[in-house]
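What follows is a set of notes on a single structure, which appears directly below.
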Amino acid sequence: MAKKKNKIDTALKRAEKLFKTGNFLLAEKNFEKVQKKLNNNTIAQKLEICRKETRIIKGKDLVKQGQKAVEKDNLPEAIVCFQRAEKLLNDPWLSDNVNELQHKLIEHKIDAEAREAEASCDYTKASDLYARAWERTSSQDFLLKSALCLVKAGSYLQAAALFDKSDLPDDNALYYCGFALAKIGKHHEAFKLWEKLDTPDKRFIEQKRLVLSLACSEFYSTFKKEPDINEVHHKANDLLAMANTLDYTEMIVMLEEICTYCKLVLIETLWEQEAFADIADFLLQMAHFNDPAILALNAKTYFHLSRELSNFLEPMMAYWLTALYSNEISAGFSDNPDKREKIQQRLIHFSEEQINRHQNSRSARYATHYLTIEKKLLNDLSAVSRKHNQGFNQTCTPHYASLFGFSDTILDLIKQSKNDFKDPEHYLETGGYYSRAGEGLYALKTGNVKKALALVETIESSSPKDEFTDYVVRLVKFEFGQAALENNEKEYLQYFVLTPKLFESAPTIEKRFSDKILQYGDKQLLSHEKLLIFLHKERPSDPISEACSFAMTQSAIIKYNQKKINNKQLKTAIEKSIRIYPDNDFALHTLERTAIDLETEIIFKAMNTHKLMKAARLARQSAYPEVCDRYFEFGEQMLEQISTSGLDLINQKIHLSDLLKACMSLDPYHPVIDSINEQLQFIGD
Amino acid sequence: MNPFKILSIKRAASNKEIIRAAAMAMRDRQYSAKEIAQAQKMLLDPVSRACHEFLHFIDLADTKERLIQKISEKSEYLGRPETSDCHQLKYLTIFEKDHDH
């Protein structure tokens, strides 16, 4: 009996211990054994706790098993686990989860069936199944799959309707949606979608071209009937942008023309409203459309705009003269050539008035320069074009020629008319404005020599060159070099390397330069001497030789006056300058004076050392009468010095006799001799 | 100033019409007497009138006509089979995820 009791106690103790440590499963078994014997209320309560806790543990285990089954995509097992767990735990979440998994299971089944149908190319069935799945789940994925299957089944209208409900999440959806739209005739919309796809695949690019051409065809069939020109313009612009993405030349050209047509219609209304700024916006978009009416429109629009705002003067100048000198436009002024010219001149005067309204602005200064340059250019070109009677009807400004590709034609006209120009400089300058260096020449002639140099330096590296471009490059460097010289830049000679060729091609420039040098003062001559010697070495032409010789003479005199060189050095320098230009009268005269000074100096030295006869001989040998005059002047001075020297009479007589002898040997009839004789007689024997 | 606008006359108005329009404009008093007189003077002088015709009128009819002609010529291209047959459009699979690029 006692042994039995001990066994129960031991089991109870074990059960209590397991209960305390939370091992409810084993605790429950031990409590059950004890309860059978004891039937105790406390144990019954603990037993109940153990059972409850055990259910929770089992339920949690089942949830874990269910989750693992979901992860393994084993939905039937997961559903069983969650259902059992629900019975144990009685948690509403589990019920929802079971429902959700059951739905998923069905969807999986539908999806599998749909895939199977799709694999066997039964796209209609597949689409229906995906649509069912989409209805059950509202999943965009099923919606898209259904739409894609409809496309594959050829049901484009229904497909497009489904795609319309989709947010088209990827390239594939975009492509198929565009495809369905193209198939139902919505080519414009289709292309819009396909624009978002970036692939180099040639087949796709071909499809885009086809769809675009269909969109254009559709647009073309309606564009003349569409009453709202703004709408037509908008669509044409849209299609043009699309065509540009494909480099679809045929379409681009046609659409550009349609766009231009629309703009012209719109401009007609805007002109009535005097909305010139809006017109200018349109004109900017048609900048490369060469047509007399558009040229005139540009000129007039910017003319009106420049009335109030000076910044429109520059674009006005780009078109104004070209428009007025255009044969097609000016023919509309009058049939009478005299009246036509008067109208042209009056309109030019209008533009001058317009420029004068903005006198102080930079644009006005620019426009004035341009007007002056271009008036002359167009007058000259009109004259040579008339003379050659070549049927050349596009006399235009360099800017306009460049814009519309007429530069070469105009340069050809200039070359053919070479002899009609005043001189080579006139010929080269006219061509220079139309050459590739034209902008540089404009900059130079409008006083911006630095900009001119920068512009021609970019041209220099590119080839091929022509005589006009070469001329501008040389001229710009020559002018820049002169500015550098005036600014005392050390390396200025580099800019004159091409100057000999410039002078050779345009001797009038050389003559002007030489004449300018001859007018220079001392300081400028000194600074130009080195340049002139350099130029003379490269090109010993008459004008350069004259200027160089003049500068060398002046420079030598300046240095002599500053006592930097002596008479001898002066003479050598002047002789050198005369060798460069033998007709340098100034140098010749200076040389003579220098020679006289030099000889006089020697005679004075001889006389000062009482070598009177030697001095007289030198004077006699001199080619210059002035030297003899100087000798006698000195003789007179000596006569006076002897008289007032305080020497005794004998010594005075000796000196006077020497002087008389020397003077007699030079010129026995010179009045000084009489004076000496008088003095001798005065002293007496 | 636009003398045609001030006198409310068309481009082709005769000298008589100009003088009459000036008188009307004086009565209307929309513009000052000086402006009206200037406008009349501008239009009665043939050179000045031609200048103002150039400045204040545009004629784009010929340009538009030429453009329409060009567009019509080019539109023939749209009727060719390679540019107008939608049936030749077959769907591509290049954008599908499992497509081998």
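Top to bottom, those sequences are chains P and X. Position one of the first sequence corresponds to residue 9 (the working numbering), numbered consecutively onward. Position one of the second sequence corresponds to residue 17 (the working numbering), numbered consecutively onward. We treat Cβ as the ideally placed atom computed from N, Cα and C, and that holds for glycine. In this text the structure is predicted, and so the values were computed from the model without any measurement.
P/Leu-436 versus P/Lys-383 - alpha carbon distance: What you label residue 436 of chain P is simply residue 428 of the first sequence in a count that begins at 1. What you label residue 383 of chain P is simply residue 375 of the first sequence in a count that begins at 1. So the two alpha carbons sit approximately 17 angstroms from each other.
Cβ pair count under 8 angstroms reaching 3, the segment 248–262 of chain P against the segment 208–225 of chain P: yes
Three-way DSSP call (helix, strand, coil) for P/Pro-406 in this model: By 1-based counting over the first sequence, the position of residue 406 of chain P is 398. Reduced to three states, the DSSP call for P/Pro-406 is helix.
Simplified DSSP state of P/Thr-507, which is helix, strand or coil: Locating residue 507 of chain P in the first sequence gives position 499, where the first residue counts as 1. The answer is helix: DSSP assigns P/Thr-507 an H, G or I state.
6 angstroms Cβ shell around P/Leu-540 - same chain, five flanking residues per side excluded: Taking the first residue of the first sequence as 1, we reach residue 540 of chain P at position 532. Around P/Leu-540: Ala-555, Cys-556, Ala-559.
Neighbour flag for P/Thr-268 against chain X, beta carbons, 8 angstroms: Translated into positions along the first sequence, residue 268 of chain P becomes position 260. True, the Cβ-Cβ gap to chain X drops below 8 angstroms.
Per-residue DSSP class, three states only, for P/His-618: The residue labelled residue 618 of chain P in the question sits at position 610 within the first sequence. Coil at P/His-618, not helix or strand.
Extent of the continuous alpha helix (DSSP H) run through P/Ile-566: In the first sequence, residue 566 of chain P corresponds to position 558, counting from 1. P/Ile-566 -> alpha helix (DSSP H) spans 550–569.
8 angstroms Cβ cutoff, X/Lys-80 in contact with chain P: What you label residue 80 of chain X is simply residue 64 of the second sequence in a count that begins at 1. Interface residue, yes.
C-beta atoms of P/Arg-628 and P/Ile-611 nearer than 8 angstroms: Taking the first residue of the first sequence as 1, we reach residue 628 of chain P at position 620. Taking the first residue of the first sequence as 1, we reach residue 611 of chain P at position 603. No, Cβ-Cβ distance for P/Arg-628 and P/Ile-611 is not below 8 angstroms.
P/Glu-465 burial status per 10 Å Cβ neighbour count (16 or more: buried): In the first sequence, the residue the question calls residue 465 of chain P occupies position 457. Its Cβ having fewer than 16 others within 10 Å, P/Glu-465 is exposed.
CA-to-CA distance, P/Ser-338 to X/Arg-65, given in whole angstroms: Numbered from its first residue, the second sequence carries residue 65 of chain X at position 49. Numbered from its first residue, the first sequence carries residue 338 of chain P at position 330. Distance between X/Arg-65 and P/Ser-338, taken at the CA atoms: about 14 angstroms.
Host alpha helix (DSSP H) of X/Leu-94 (start-end): Along the second sequence, one-based indexing puts residue 94 of chain X at 78. Careful: X/Leu-94 lies outside any alpha helix (DSSP H) and carries neither H nor E.
DSSP three-state assignment for P/Arg-547, whether helix, strand or coil: Counted from its first residue, the first sequence places residue 547 of chain P at position 539. In this structure, P/Arg-547 counts as coil in the three-state DSSP scheme.
Cβ-Cβ distance between P/Leu-626 and P/Glu-607 below 8 angstroms: The residue labelled residue 626 of chain P in the question sits at position 618 within the first sequence. The residue labelled residue 607 of chain P in the question sits at position 599 within the first sequence. Against a cut-off of 8 angstroms, the Cβ pair of P/Glu-607 and P/Leu-626 comes out as a contact.
At least 3 beta-carbon pairs within less than 8 angstroms: the segment 59–72 of chain P vs the segment 30–42 of chain P: yes
Cutoff 6 angstroms; reference P/Glu-234; Cβ partners in own chain excluding five residues on either side: As a position in the first sequence, residue 234 of chain P is number 226, starting the count at 1. So the qualifying residues of the chain are Val-240.
Interface positions of the segment 305–333 of chain P facing chain X (Cβ-Cβ less than 8 angstroms), listed along the chain: Those would be Leu-305, Lys-308, Phe-311, His-312, in chain order.
Straight-line Cα distance separating P/Met-259 from P/Tyr-164: Against the first sequence, residue 164 of chain P aligns to sequence position 156. Against the first sequence, residue 259 of chain P aligns to sequence position 251. Cα to Cα, P/Tyr-164 sits roughly 27 angstroms from P/Met-259.
Partner residues on chain X for P/Glu-276, Cβ-Cβ distance less than 8 angstroms: Locating residue 276 of chain P in the first sequence gives position 268, counting from the first residue. Simply Ile-74, Leu-76.
Segment limits, alpha helix (DSSP H) that includes X/Met-42: Within the second sequence, residue 42 of chain X is the residue found at index 26, counting from 1. Residues 31–44.
Residue-level contact to chain P via CB, X/Ile-110, 8 angstroms cutoff: Numbered from its first residue, the second sequence carries residue 110 of chain X at position 94. Taking CB atoms only, X/Ile-110 has a neighbour in chain P less than 8 angstroms away.
Start-end ranges of the beta strand (DSSP E) lying completely within the segment 300–325 of chain P, minimum 3 residues: none
Cutoff 8 angstroms: P/Lys-194 Cβ touching any chain X Cβ: On the first sequence, residue 194 of chain P is found 186 positions in, with the first residue counted as 1. Answer no: the Cβ-Cβ gap between P/Lys-194 and chain X never drops below 8 angstroms.
8 angstroms contact criterion, which P/Ala-460 and P/Leu-452 should meet: CB distance rounded: Indexing the first sequence from 1 puts residue 460 of chain P at position 452. Indexing the first sequence from 1 puts residue 452 of chain P at position 444. Confirmed, about 4 angstroms.
Contacting positions in the segment 214–232 of chain P - beta carbon closer than 7 angstroms to chain X: Gln-215, Leu-218, Ser-221, Leu-222, Cys-224, Ser-225, Tyr-228
Partner residues on chain X for P/Glu-265, Cβ-Cβ distance less than 8 angstroms: Here the question's residue 265 of chain P lines up with position 257 in the first sequence. Neighbours of P/Glu-265 on chain X, chain order: Leu-83, Lys-86, Ile-87, Lys-90.
Residues of its chain near P/Leu-493, where Cβ-Cβ distance is below 8 angstroms and the 5 sequence neighbours each way are ignored: Working through the first sequence from its first residue, we reach residue 493 of chain P at position 485. Result list for P/Leu-493: Tyr-500, Ser-535, His-536, Leu-539, in chain order.
Proximal chain X residues relative to P/Ile-302, where beta-carbon distance stays under 7 angstroms: Here residue 302 of chain P refers to the residue found at position 294 when the first sequence is read from its first residue. The contacting residues are Thr-79.
Residue-level contact to chain P via CB, X/Asp-116, 8 angstroms cutoff: For the purposes of this step, residue 116 of chain X is taken as the residue at position 100 of the second sequence. Caution is warranted here: a pLDDT of 49 is assigned to X/Asp-116, below 50, making its placement in the model unreliable, and the coordinate value is therefore given only provisionally. False, the Cβ-Cβ gap to chain P never drops below 8 angstroms.
Residue from P/Leu-386, P/Glu-322, P/Phe-642, P/Leu-152 with nearest C-alpha to P/Ser-359: For the purposes of this step, residue 359 of chain P is taken as residue 351 along the first sequence, with counting starting at 1. When each option's Cα is compared against that of P/Ser-359, the closest is P/Glu-322.
X/Asp-116 versus P/Ala-93 - alpha carbon distance: The residue labelled residue 116 of chain X in the question sits at position 100 within the second sequence. The residue labelled residue 93 of chain P in the question sits at position 85 within the first sequence. Confidence in X/Asp-116 is poor, its pLDDT being 49 and thus under 50, which makes the residue's placement unreliable; the coordinate value appears in the next sentence. Distance between the alpha carbons of X/Asp-116 and P/Ala-93 is about 46 angstroms.
Same chain, Cβ closer than 7 angstroms to P/Gly-643, five either side skipped, listed in chain order: Position 635 of the first sequence holds residue 643 of chain P. Excluding residues up to 5 positions away in sequence, Leu-667, Cys-671, Val-680 lie with their Cβ nearer than 7 angstroms to the Cβ of P/Gly-643 in the same chain.
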